[in-house]
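*Asks:* One structure, pasted below without further comment.
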Amino acid sequence: MRKNIVAGNWKMNLDYEQGLSLFSEIVNMVKDEVVGNQEVVVCSPAIHLSSLAKLSTAKVAVGAQNIHQAASGAYTGEISASQVKSVGASYVILGHSERRAYFGETDALLAEKVDAALAHGLKPIFCIGETKEERESGEFFAVIKTQLEQGLFHLSADAFQAVVLAYEPVWAIGTGLTATPAQAQDVHAFIRQTLVEKYGQEIAENTTILYGGSCNPSNANELFSQTDIDGGLIGGASLKSRDFLEIVKVFNSK
Ligand code: PEP
0 MRKNIVAGNW KMNLDYEQGL SLFSEIVNMV KDEVVGNQEV VVCSPAIHLS SLAKLSTAKV
60 AVGAQNIHQA ASGAYTGEIS ASQVKSVGAS YVILGHSERR AYFGETDALL AEKVDAALAH
120 GLKPIFCIGE TKEERESGEF FAVIKTQLEQ GLFHLSADAF QAVVLAYEPV WAIGTGLTAT
180 PAQAQDVHAF IRQTLVEKYG QEIAENTTIL YGGSCNPSNA NELFSQTDID GGLIGGASLK
240 SRDFLEIVKV FNSK
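Numbering that gives the first Met the number 0 numbers the first residue of the sequence shown as 0 and each following residue consecutively.
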């Protein structure tokens, strides 16, 4: 049975005290809301990870927003998978559209980062999604398939099982525009079918596929009630504890 996950992406927001205080609030608020096969993940700036991990629980994990692909070495300013793991984080977001757009991250590079994460026991939250132009031209299914093939499909079936996917239409991230529940479900079903073809029915059914893109307490309900949407990757709304809690609650009633 696949896991349901609500993950927050704090991006480059919150200083140390603000991060600690928001995380403590989240741990406290969600403790009675997260049950069974459900998990909350907070992906913070790397500088907070060590402190947040000390406060993390079986229900609220922490994750990074990026790692370098190399195990160690002369890469000034970078952070490795083993360093992230060593401070107690268990997830890492890879392939976020902001990293693809502003830092030139390609599918080939992301495939290396996925390997680095898995080699050190970090679970990738691997983001895929089309731009506005790709949506409008109708080529979005092909774009998403290529991102899956080039970023992930070198993995064995065994290795793939640690991966969480996040469908994030680029045009919906931080814009206030959200995919309609039907648009999101169509793509999630397409992703799952693509996984069936590559890894078989069982693995496809067990893979968690999150939706991300301007999710908030008002639209979460309809999105999360779709069959193939197993949770959310939440940007802006994860910075407000009440909104984040509302989303977790909606999701957990699925
Ligand atoms: C994100 O950055 O992954 C995201 C989904 O952001 P927002 O919720 O702000 O659109």
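Where is the CB? At the ideal position from N, CA and C, for every residue including glycine.
#1: The ligand PEP and PHE232: does the residue's C-beta get closer than 6 Å to at least one heavy atom of that ligand?
#2: If distances are taken between C-alpha atoms only, which option among ILE246, VAL33, ALA183 and ILE78 comes closest to ILE46?
#3: Looking only at DSSP bridge pairs, what is ALA165 linked to?
#4: Since VAL169 and LYS112 are thought to touch, with beta carbons under 8 Å apart, how far apart are those beta carbons, to the nearest angstrom?
#5: Using a threshold of 7 Å, state whether the C-beta atoms of VAL61 and VAL41 are closer than that.
#6: Which stretch, first to last residue, makes up the alpha helix (DSSP H) that contains GLU133?
#7: Report the three-state DSSP secondary structure of VAL34 (helix, strand or coil).
#8: Would you list the one or two residues that DSSP bridges to TYR90?
#9: Closer than 6 Å to a non-hydrogen atom of the ligand PEP - does that hold for the CB of ILE172?
#10: Once DSSP output is grouped into helix, strand and coil, what is the label at ASN251?
#11: Distance, Cα to Cα, THR177 vs ARG98?
#12: Can you look up LEU21 in the DSSP assignment and give me helix, strand or coil?
#13: Which residues mark the beginning and the end of the beta strand (DSSP E) in which ASN8 is found?
#14: Exposed or buried, GLY199, counting other C-beta atoms within 10 Å across all chains shown (16 or more means buried)?
#15: For a test of your reading of the model: does the CB of GLY62 fall under 6 Å from any non-hydrogen atom of the ligand PEP? Yes or no.
#16: Quick one: does the C-beta of GLY212 sit closer than 6 Å to a heavy atom of the ligand PEP?
#17: Determine the direct distance from the alpha carbon of SER49 to that of SER85, and round the result to whole angstroms.
#18: Between which residues of its own chain and LEU51 is the CB-CB distance below 6 Å, once the five residues before and five after are set aside?
#19: To which residues of the same chain is LYS58 closer than 7 Å at the C-beta, ignoring the five residues directly before and after it?
#20: By how many angstroms is the C-alpha of VAL195 removed from the C-alpha of SER155?
#21: Just checking ASN36 against the ligand PEP - is the residue's beta carbon closer than 6 Å to any of the ligand's heavy atoms?
#22: DSSP on ILE172, reduced to helix/strand/coil?
*Replies:* Taking the coordinates as given:
#1: Per the sequence shown, residue 232 should be read as Leu rather than Phe. At least one heavy atom of the ligand PEP is nearer than 6 Å to the Cβ of LEU232, so yes.
#2: ILE78
#3: CYS126 and LEU209
#4: The Cβ separation is near 19 Å, so there is no contact.
#5: yes
#6: 131 to 135
#7: coil
#8: Beta-bridge partners of TYR90 (DSSP): GLY62 and LYS122.
#9: Yes, the ligand PEP has a heavy atom inside 6 Å of this Cβ.
#10: Three-state result, ASN251: helix.
#11: 20 Å
#12: helix
#13: Counting along the chain, the beta strand (DSSP E) containing ASN8 begins and ends at 3 to 8.
#14: exposed
#15: no
#16: yes
#17: 9 Å
#18: PHE22, SER43 and VAL61
#19: Excluding positions up to five away in sequence, the list reads VAL29, LYS30, VAL33, GLU38 and VAL39.
#20: 14 Å
#21: no
#22: coil
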